[in-house]
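Here is the structure we will look at, set down as C-alpha cells.
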Amino acid sequence: MNSLKIMKLKTFKTLQIVEYILKIFVWMIFIYWGYQLYLSMLSYDEVYRAPWYIELLMMTRLWAIIYVSILVLYHIIKTIRKQKGLPKFRIRYLFKMNHHPYMKIVFVLLIVLITLSFLIIKAQPLLLYHPNHSTFAYEKLMELDLYETYQIEDVDSNLTYQGFGKINQEKILPTIIYFAGNGESSAQTFYRMYKEHFFTHFEDYQFIMIDYPGYGLSDGKTNDDAMIQMSEKVYEYVSNLDYVDQNNIYVYGYSIGTGVATYIASQYDIKGLILIAPYSNITDIFNAHLPMFKGILSKLVVEEFDSMTYAKDVDVSPLIIASKTDMTIPFELSEKLSFAFDDLYEFYVVDHTAHNEFLDKEDVILKIVEYLELP
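Written out as C-alpha cells, the structure is:
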C-alpha cells in the first residue's frame with residue numbers, strides 16, 4: 061500500500077502516528093541525555109574512578125535506560141509497521157488531507173506545544189545552574205592548607221557533599237553557612253576570598269560553604285529538590301560540630317542561594333539571615349526576562365525556590381542587600397521579597413553595582429559585619 065493510497069483513504073493507522081511520535085521523543089531524549097553527559101563532564105572531572113566513558117555512562121544511566129527503552133520500542137513499532145506494508149507517517153501528509161478541516165492544524169499545534177513544553181521544562185536546569193569545579197583553585201587551596209575540608213554523607217540518597225570551611229577548632233564561635241550563587245564552587249569562592257582578604261572581616265566567626273549537588277566535588281545532579289535536601293543535611297551537620305555555637309548560626313545566601321538560605325531559615329531556629337540579590341521565586345525571574353509564564357503556563361516552571369512562601373515562616377529579621385542596576389535578579393524581585401517577611405532588619409540598596417560585584421563593595425561588607433554584631 062503506497063502513500064498515495066493512504067491519502068485516498070484519508071486516514072492514518074494509529075501505528076503510524078505512534079511511530080512518528082516515538083521518533084520525536086527518541087531525538088529529544090537523546091539531546092537531553094547529551095546535556096546530562098556534558099554536565100557530568102563539568103562536575104566530576106576530579107573523581108573519576110573508572111575509564112571516563114564508563115564513569116559518564118554510570119552518572120547518566122537513568123537517561124541512558126530511558127533512551128534505550130524508547131529507542132527499542134520505536135524500532136519494534138517501525139518493524140511492525142513495515143510488516144503491515146504501511147508507509148512512514150510524514151507531517152506533509154496532513155496538509156493534503158481534507159476529511160477534517162481542522163485536524164492538520166490541531167495535530168501540528170499539539171506536536172509543537174508538547175515539544176516546546178518538554179524543552180522548556182528540561183532547559184530550566186541549564187539556565188539556572190552552572191555546575192563547575194576549578195581544579196586550579198582547588199589545588200591552590202590544598203597547597204595553602206589554611207582551610208578545613210568537609211565530606212558530608214547523605215545516607216538517605218547515598219551522596220557525598222564536599223566543601224571548605226574557615227574555622228578555629230579551638231573555640232566555639234558563631235558560624236556562617238554560605239549558600240552560593242549558581243556559578244560558584246567552594247574551591248573557587250574560597251580562593252577568591254583568600255586573595256581578597258575577605259575573611260579578615262570575620263575573624264570571630266566560623267565560615268563554611270558546601271557545594272551544591274553536581275558542583276565542585278559534590279555528588280548528585282543539580283535541581284531545586286536536590287539542593288533543598290542537601291541544605292538540610294548541611295545545616296544539621298554543621299550545627300552539631302563541636303566548634304559551632306548552636307545558638308548563633310547565621311545563614312547567608314547569594315543569588316540562587318538566597319532561595320536555599322530562606323528555606324533553611326524557615327525550617328530551623330537560626331540567629332540571622334543575610335540575603336544578597338534575592339528573588340521572590342523562580343517564576344518571577346523567568347517572567348522578568350520573558351513574560352509568558354503566567355496563568356496555566358506558570359506550571360511549566362518546575363524549579364521552584366518559592367522564597368515568598370518560605371519567608372512567611374522565617375522568625376528572624378533578615379538583612380537584604382540589592383542593587384537597582386542588577387540585570388540578573390531585577391531589583392523589583394528583591395523588593396517584592398522584602399515585603400513577605402514579618403519583620404525586616406534592613407533593605408539595603410547599593411548603587412551602580414552589577415550582579416557579581418556586591419562583595420567588591422566595602423559598604424556591603426561593612427553592612428554584613430554590622431548585622432552580625434547585633435546583640
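Numbers in the working numbering are just positions in the sequence shown, counted from 1, shifted up by 60. Ideal Cβ positions, reconstructed from N, Cα and C, are used throughout, including at glycine.
Extent of the continuous beta strand (DSSP E) run through residue 269:
By 1-based counting over the sequence shown, the position of residue 269 is 209. Run containing residue 269: 266 to 270, per the beta strand (DSSP E) assignment.
Do the region 397 to 415 and the region 376 to 387 touch if we need at least three Cβ pairs shorter than 8 angstroms?
yes
Going straight from the alpha carbon of residue 47 to that of residue 250, what length do you get?
Any answer about residue 47 is impossible in this case: the structure gives the chain only from 61 up to 435.
Who are the near neighbours of residue 149 in its chain, counting only those whose CB is closer than 7 angstroms to its CB and skipping five residues on each side?
Position 89 of the sequence shown, counted from the start, is the residue given in the question as residue 149. Only 72, 76, 77, 79, 80 meet the Cβ criterion.
Under 8 angstroms Cβ to Cβ from residue 130, same chain only, skipping five residues before and after it: list those, please.
As a first step, residue 130 must be located in the sequence shown, where it is residue number 70. 82, 85, 86, 89, listed in sequence order.
Cβ-Cβ distance between residue 289 and residue 214 below 9 angstroms:
As a working note, residue 289 is residue 229 in the sequence shown. As a working note, residue 214 is residue 154 in the sequence shown. Yes; because the gap between Cβ atoms is below 9 angstroms, this pair is in contact.
So, with DSSP's three-state summary, where would you put residue 433?
Sequence index remark: in the sequence shown, residue 433 carries index 373 (1-based). Of the three classes helix, strand and coil, the one that applies to residue 433 here is coil, per DSSP.
Do residue 313 and residue 238 have their beta-carbon atoms positioned less than 9 angstroms apart in this structure?
Stepping through the sequence shown from its first residue, residue 238 is reached at position 178. Stepping through the sequence shown from its first residue, residue 313 is reached at position 253. Yes.
Measuring straight from C-alpha to C-alpha, what distance separates residue 415 and residue 371?
Stepping through the sequence shown from its first residue, residue 415 is reached at position 355. Stepping through the sequence shown from its first residue, residue 371 is reached at position 311. Whole-angstrom Cα-Cα distance: 22 angstroms.
Look at the Cβ atom of residue 298, then the Cβ atom of residue 309, and state whether they are nearer than 9 angstroms.
Here residue 298 refers to the residue found at position 238 when the sequence shown is read from its first residue. Here residue 309 refers to the residue found at position 249 when the sequence shown is read from its first residue. Cβ distance < 9 angstroms, so residue 298 and residue 309 count as in contact.
Is residue 226 helix, strand or coil by DSSP?
Position 166 of the sequence shown, counting from 1, holds the residue named residue 226. Residue 226 falls in the strand class under three-state DSSP.
Give the secondary structure of residue 209 by DSSP, where H, G and I count as helix, E and B as strand, and everything else as coil.
Stepping through the sequence shown from its first residue, residue 209 is reached at position 149. The answer is strand: DSSP assigns residue 209 an E or B state.
Counting along the chain, where does the alpha helix (DSSP H) carrying residue 406 start and finish?
By 1-based counting over the sequence shown, the position of residue 406 is 346. That residue, residue 406, is in no alpha helix (DSSP H); its beta strand (DSSP E) goes 406 to 410.
Below 7 angstroms CB to CB, which residues in the same chain sit around residue 293 once its five sequence neighbours on both sides are set aside?
The residue given as residue 293 occupies position 233 in the sequence shown. Answer for residue 293: 212, 214, 221, listed in chain order.
By the three-class DSSP mapping on this structure, what secondary structure does residue 234 have?
Taking the first residue of the sequence shown as 1, we reach residue 234 at position 174. Strand at residue 234.
If you follow the alpha helix (DSSP H) that residue 325 is part of, which residue opens it and which one closes it?
Against the sequence shown, residue 325 aligns to sequence position 265. That run of the alpha helix (DSSP H) goes 316 to 327.
Proximity of residue 365 and residue 423 at Cβ, strictly below 9 angstroms:
Position 305 of the sequence shown, counted from the start, is the residue given in the question as residue 365. Position 363 of the sequence shown, counted from the start, is the residue given in the question as residue 423. The answer is no: Cβ separation not under 9 angstroms.
Is it buried or exposed for residue 279, if we count other Cβ within 10 angstroms and need 16 for buried?
Sequence index remark: in the sequence shown, residue 279 carries index 219 (1-based). Looking at its Cβ environment, which holds 16 or more other Cβ atoms inside 10 Å, residue 279 is buried.
Just to confirm, is the Cβ distance from residue 315 to residue 388 under 9 angstroms?
Residue mapping note: residue 315 aligns to position 255 of the sequence shown, counting from 1. Residue mapping note: residue 388 aligns to position 328 of the sequence shown, counting from 1. Yes, Cβ-Cβ distance for residue 315 and residue 388 is below 9 angstroms.
Can you name, in chain order, every residue of its own chain whose Cβ lies under 6 angstroms from the Cβ of residue 208, other than the five neighbours on each side?
Stepping through the sequence shown from its first residue, residue 208 is reached at position 148. Answer for residue 208: 225, 227, listed in chain order.
Using DSSP with H/G/I as helix, E/B as strand and the rest coil, what is residue 218?
Position 158 of the sequence shown, counting from 1, holds the residue named residue 218. DSSP places residue 218 in coil when its eight states are reduced to three.
Specify, as a first and last residue, the run of the beta strand (DSSP E) that residue 356 falls within.
Locating residue 356 in the sequence shown gives position 296, where the first residue counts as 1. Looking at the DSSP string, residue 356 is not in any beta strand (DSSP E), and its letter there is neither H nor E.
Who are the near neighbours of residue 317 in its chain, counting only those whose CB is closer than 7 angstroms to its CB and skipping five residues on each side?
For this step, residue 317 is matched to residue 257 along the sequence shown. Excluding sequence neighbours, residue 317 sits near 239, 240, 241.
My guess is that residue 343 and residue 335 are in contact by the Cβ rule of under 8 angstroms, so how many angstroms apart are they, rounded?
Here residue 343 corresponds to residue number 283 of the sequence shown, with the count starting at 1. Here residue 335 corresponds to residue number 275 of the sequence shown, with the count starting at 1. Wrong, their Cβ atoms sit about 18 angstroms apart, outside the cutoff.
Which stretch, first to last residue, makes up the beta strand (DSSP E) that contains residue 246?
Translated into positions along the sequence shown, residue 246 becomes position 186. That residue, residue 246, is in no beta strand (DSSP E); its alpha helix (DSSP H) goes 246 to 255.
DSSP on residue 239, reduced to helix/strand/coil?
Numbered from its first residue, the sequence shown carries residue 239 at position 179. If DSSP states are grouped into helix, strand and coil, residue 239 belongs with the strands.
Kindly indicate the opening and closing residues of the beta strand (DSSP E) around residue 398.
To locate residue 398, count along the sequence shown from 1; it is residue 338. Taken as a continuous stretch (DSSP letters only), residue 398 belongs to no beta strand (DSSP E), being part of the alpha helix (DSSP H) at 391 to 398.
Can you grab the Cα-Cα spacing for the pair residue 136 / residue 173, in whole Å?
Sequence index remark: in the sequence shown, residue 136 carries index 76 (1-based). Sequence index remark: in the sequence shown, residue 173 carries index 113 (1-based). Spanning the two alpha carbons is a distance of roughly 26 angstroms.
At the level of alpha carbons, what is the spacing between residue 107 and residue 223?
Here residue 107 corresponds to residue number 47 of the sequence shown, with the count starting at 1. Here residue 223 corresponds to residue number 163 of the sequence shown, with the count starting at 1. Confidence at residue 107 is low in this model, with a pLDDT of 39, below 50, so its placement is unreliable and no value can be given for it.
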